[in-house]
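K.L.:
My structure is below; once you've seen it, I'll send some questions.
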Amino acid sequence: MRLTRKTNTPATTGLGISRRQFLKRTGVATGGVAAAGFMGAPMMQRTEAADKTPVLDSPVETKRTICSHCSVGCGVYAEVQEGIWTKQEPAFDHPINRGAHCAKGASLRQHGHSTRRLKYPMKLVAGEWQRLSWDDAVNEIGDKLLELRDAHGPDSVYWLGSAKFSNEQAYLMRKLASMWGTNNTDHQARICHSTTVAGVANTWGYGAMTNSLNDMHNSKSMLFIGSNPSEAHPVAMQHILIAKERNNCDIIVADPRFTRTAAKANKYVRIRPGSDVAYIWGLLWHIFENGWEDREYINQRVYGMDDVRAEVAQFPPSVVEDITGVPEAEMFDVAKRLADNRPGCVVWCMGGTQHTTGNNNTRAYCILELALGNIGKSGGGANILRGHDNVQGATDLGLGSDSLPGYYGLAEGAWQHWANVWDVDYEWLKGRFDDTEYADGKPMYSNGITVSRWVDGVLEEDENISQRTALKAMFYWGHAVNSQTRGVEMQKAMQKLEMMVIVDPYPTVASVMHDRTDGVYLLPAATQFETTGSVTATNRSIQWRDQVIEPLFESKPDHEIMYLFARKLGFGNELVKNYEMNGDEPLIEDILREINRGMWTVGYTGQSPERLKEHQQNWHTFSFENLRAQGGPADGDYYGLPWPCWGTPEFRHPGSPNLYDTSVPVMEGGMGFRARFGIERNGVNLLAEGSAPVGGDIDDGYPEFNDQLLKDLGWWDDLTAEEKEAAEGKNWKTDFSGGIQRVAIEHGCAPYGNAKARAVVWTFPDAVPKHREPLYTTRRDLVERYPTWDDFDSIMRLPTMYKTIQERDNSADYPIILTSGRLVEYEGGGEETRSMSWLAELQQEMFVEMNPADANDIGVRDGDDVWVEGAEGGRVKVKALVTPRVDRKVAFMPFHFGGVFQGESLHDRYPEGTVPYVIGEAANTATTYGYDPVTLMQETKCTICRIERAS
């Protein structure tokens, strides 16, 4: 693979400048002065290879696509000849990556010719894989699904989707599950950023990254807590280092492990895993003590900060040091850096979210930024870096067990809204669900089982589950099961299922770890380079992908497979009622138009296929500094129309690059905080006071807009006659005409209102975030002061334990804290990236990082084989990497490996020719029980283990 592109396409098409063009223009490639002195004959002479590698000389077609690994959203030029993906180049004119690639991005082309892919449908018969036709596979699986539905109801089947779907596919998957009659559907966001979405949305309205990577150029300080972009989001580091080099940004990393990001920081602070809230309260103690908070900002835009002050007062320096391990001087230093260098942002990832206290952590981070007045400021913000390429979009599109698309929830009004969008009868849709009342309510209106708990959904007794029966069949549709905790119990759950269906470009660990001999199906899905559609980057920008090549082998695009099952199951016509069909494949653009018609809440209504394609074809017109187009057909738009992009596409809202920025008019992307939680509580005003987006007709707080508010303000007649008819009795979220949003914005008002952010979330188990010790902790002396919650009878249909687990003291047997994280070479569960030879060559062994003192105590040397055993008995055999990167009594494992289970290789269980180049133990075989009580996020960042030398 090479970066230099050869094409006859003129530069004016927006392809950008290649490295060869750069060299040519600077004189190196043309024998100029630079070449004469730098590459003269004595140093370098041309040689001719005896046998040149054959190359195609057929015409080159260049496709524009987006990297399918992390959520940075890097642009890629893919060169295709005779239907073969022959070359790729990072897009030098793309406004996010500007010609940069990480190792994973540079490997994308292997998707187009990988021999490790699934090639055709298969099923397991007497322990052997047998080939099937698509018709036979869909019919066999469909017949079993209908049998299970008749015997156990629609909730007996789990539709586990993927953050690897396009937006349109994620939306269609949620629609498919809804029409099947269940909320038992989910995707990877549950186990990566669900606590972010819940915590942040319940603080100020939307649960997403507030600013952009490009806007981080303007930051004067950055606090990374539970985030390691050098490995997890490498291309994001160019933006971070621009801030450091150009803006003298003070970079602080708080992490249990000295990461590659810490190596680039101005300040590194080592904290004990699971002590995030205490650490943030320790910073706020110094901020409040010294009067460094932004009092005017708090008075105008924040509710409940006095309650936070009372909680923070319980965390003086001595208490914070005892919990976190960070001395007072270090805490003061970081607090002063943040106070002296504003605007500043806080950046977090799964290191902050994957805890039983995950929602407490994310809300504490937000409260820190509110206290400093950093939200709604360029260079400030809560810059939440998402993992998979479309984990943001799949979440927005409702592929979760707790909401319909657009975060509309599951109340009857939400179902009626989407029934109208889908043009189906609400009563028909209602009749698809089990109408029985269970402990959590009727299944249609109650949260489904989460992906983090599907294991318990299978193993739990029927009488303890808030649905008719336990789960009987699972679809693993683009999901890595090794990214989930409690691997030993997961295997037991797989064995109890009546059917497993794995839909993926690769077989995945699910195909080999079950230890079954039948009842398992493999269906080859196309990659995102073999279809087209949109994808939402971490900063909320929505990007269009070209189809690079036709689906390889017998693979099919996910949305086509969805339709095939819907047709078999009896609701195919309803699923695709509003779409043009190309054979069995729904038109992607029509799915997006349906999304535009319904998703008013988060502003997915202005990003039509035509506007997104216009942006895609004009990457070169968008600024690398602020994402805004400078001239060209999209002049004035922000790249990717980051949501909310209010109103209809014809309204031409430019998108919102920085959320909650009142210094910018609403029509330019400005807004206050969302009025989502009412207008007052206990007699205290919840709306903004003396603060509003500039240029608006209302210069104070106001509620969300509906038809009555327009009438009260005298703005009703600004609607057209058609808009009035559509808007009567509606609000900004349910008015299909977009008229309510249009009129509000034309008067300079945000459709969702203008309120205060809330530091107190009175609907959560902890209204103000509290430090609570992890369920498995080596600090038993802290449990009495900072206990976990009591057990819950039912959270999202399942009983959930807290105190029962924490009361078991096994810290003497398991004295080391175990945490996990990413490597730069691999992504997610790793099946895809470990099946790419270029990446597999870079990292061939699964390992555990352990401190030299612990290694010496145990008698282990670097490179030795060791057993890592978790507190619930799961064991993995891995290499020891002895390093001071981790502290004493702390160990770290990457979570990208699979294909070995408790010392046993599963190599021979893969279908022939599909074994990844690298296999290894899954870290999550050794991880343990533990879930956040708001979202059921799994706890992977602070369990306990013991390490022994393997004999």
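Under the working numbering, the first residue of the sequence shown carries the number 1, and numbering increases by one thereafter.
Beta carbons: idealized from backbone N, C-alpha and C, even for Gly.
Small disclaimer: the values here were computed from a predicted structure and weren't measured.
#1: Based on the DSSP output, what are the partners of M513 in its beta bridges?
#2: Is any beta-carbon of chain B found at less than 8 Å from that of L368?
#3: Using the Cβ count rule (16 or more neighbours within 10 Å means buried), how would you classify T26?
#4: Specify the secondary structure class of T86 as computed by DSSP and reduced to three states.
#5: Rounded to a whole number of angstroms, what is the C-alpha to C-alpha distance between T601 and Y408?
#6: Given 8 Å as the limit, is there contact between the segment 349-357 and the segment 227-235, that is, 3 or more CB pairs closer than that?
#7: Count the C-beta pairs between the segment 453-461 and the segment 481-495 that are closer than 8 Å, then say yes if the count reaches three, no if not.
#8: When burial is assigned at 16 or more other CB atoms within 10 Å of the CB, is G643 buried or exposed?
#9: To the nearest angstrom, how far is the alpha carbon of R257 from that of D887?
#10: My guess is that Q81 and L108 are in contact by the Cβ rule of under 8 Å, so how many angstroms apart are they, rounded?
#11: Let me know the secondary structure DSSP gives P317 once reduced to three states.
#12: For W619, which three-state DSSP category applies?
#13: Roughly how many angstroms lie between the CA atoms of N202 and Y931, to the nearest whole one?
#14: To the nearest angstrom, report how far apart S837 and G99 are at their CA atoms.
#15: Which ranges does the alpha helix (DSSP H) cover as unbroken runs of at least 4 residues, wholly within the segment 596-643, from first to last along the chain?
#16: Going by DSSP in three states, S737 sits in which element: helix, strand or coil?
#17: Quick one: what's G870 bridged to in DSSP?
#18: Helix or strand or just coil, what does DSSP make of F673?
#19: Is it true that the segment 878-892 meets the segment 826-843, where meeting means three or more beta-carbon pairs spaced less than 8 Å apart?
#20: Mapping the DSSP letters down to three states, classify L223 as helix, strand or coil.
#21: Quick check on the burial criterion: 16 or more other C-beta atoms within 10 angstroms. Buried or exposed for T436?
#22: Do N228 and G821 have their beta-carbon atoms positioned less than 8 Å apart in this structure?
#23: Could you tell me whether the segment 234-245 touches the segment 894-907, where touching means 3 or more Cβ pairs closer than 8 Å?
#24: Excluding sequence positions up to five away, which residues of its chain have a Cβ less than 7 Å from the Cβ of P665?
#25: Note down the Cα distance separating F315 from E773, rounded to an integer number of angstroms.
#26: Which value, in whole angstroms, describes the spacing of the CA atoms of R246 and C945?
#27: Starting from the C-beta of I595, find all residues in its chain whose C-beta is less than 6 Å away, skip the five residues before and the five after it, and write them out in chain order.
#28: Thinking just about the alpha-carbon of each residue, which of Q630, H653 and G632 is nearest to the one in L641?
#29: Classify M581: buried if its beta carbon has 16 or more other beta carbons within 10 angstroms, exposed otherwise.
#30: Under the three-state reduction of DSSP, which class applies to V138: helix, strand or coil?
#31: Roughly how many whole angstroms lie between the Cα atoms of Q630 and I96?
#32: Roughly how far, in whole angstroms, is the beta-carbon of L397 from the beta-carbon of R174, given that I think they are within contact range, below 8 Å?
#33: Do you know how far the Cα of M850 is from the Cα of K941?
#34: Taking the DSSP output, what are the residues bridged to Q130?
#35: Starting from the N-terminal side, write out each stretch of the alpha helix (DSSP H) that is 4 residues or longer and does not extend beyond the segment 678-736.
#36: Under a Cβ-count criterion, where at least 16 other Cβ atoms within 10 Å of its own Cβ denotes burial, should H907 be classed as buried or exposed?
P.N.:
On the basis of the data shown:
#1: Partner(s): none; M513 has no beta bridge.
#2: Reference to chain B is not applicable here, since this structure consists of a single protein chain.
#3: Low confidence applies to T26: its pLDDT is 37, below 50, so where it sits in the model is not reliable, and the reading given next is rough at best. By the 10 Å Cβ count, T26 comes out exposed.
#4: Residue state, collapsed to three classes: strand.
#5: Distance between the alpha carbons of T601 and Y408: 7 Å.
#6: Look at the beta carbons and you see the segment 349-357 touching the segment 227-235: at least three pairs across the two are nearer than 8 Å.
#7: The answer is yes - the segment 481-495 touches the segment 453-461, with three or more Cβ pairs under 8 Å.
#8: As written in the sequence, residue 643 is Trp, which differs from the Gly given in the question. Looking at its Cβ environment, which holds 16 or more other Cβ atoms inside 10 Å, W643 is buried.
#9: The straight-line gap from Cα to Cα measures roughly 7 Å.
#10: Actually they are not in contact, since the Cβ atoms of Q81 and L108 sit about 17 Å apart, beyond 8 Å.
#11: It is helical.
#12: For W619, the three-state secondary structure derived from DSSP is helix.
#13: Straight through space, the alpha carbons of Y931 and N202 are spaced by roughly 19 Å.
#14: Spanning the two alpha carbons is a distance of roughly 23 Å.
#15: Within the segment 596-643, the complete alpha helix (DSSP H) runs of at least 4 residues are 609-616.
#16: Correct three-state label for S737: coil.
#17: According to DSSP, residue pairing for G870 in a beta bridge involves C945.
#18: Three-state DSSP puts F673 in a strand.
#19: Short answer: they don't touch.
#20: Reduced to three states, the DSSP call for L223 is strand.
#21: Around the C-beta of T436, fewer than 16 other C-beta atoms lie within 10 Å, and the residue is accordingly described as exposed.
#22: It is a contact, given that the beta carbons lie within the stated cut-off.
#23: By the criterion of at least three beta-carbon pairs nearer than 8 Å, the segment 234-245 is not in contact with the segment 894-907.
#24: Within its own chain, the residues whose Cβ lies closer than 7 Å to the Cβ of P665, once the five positions on either side in sequence are excluded, are P693, V694, G695 and G748, listed in chain order.
#25: Their backbone Cα atoms lie some 15 Å apart in a straight line.
#26: Distance from the CA atom of R246 to the CA atom of C945, rounded to whole angstroms, is 44 Å.
#27: Here the set comprises Y171 and Y604.
#28: Of the listed residues, the one whose Cα sits closest to L641 is H653.
#29: When all chains shown are included, M581 counts as exposed.
#30: DSSP places V138 in the helix class (H, G or I) of the three-state scheme.
#31: The C-alpha of Q630 lies about 15 Å from the C-alpha of I96.
#32: About 6 Å separates the CB atoms of L397 and R174; that is less than 8 Å, so the two are in contact.
#33: Each residue's alpha carbon lies about 15 Å from the other.
#34: Q130 is bridged to K123.
#35: If we require 4 residues or more, the alpha helix (DSSP H) runs fully inside the segment 678-736 come out as 707-713 and 721-727.
#36: So H907 counts as exposed.
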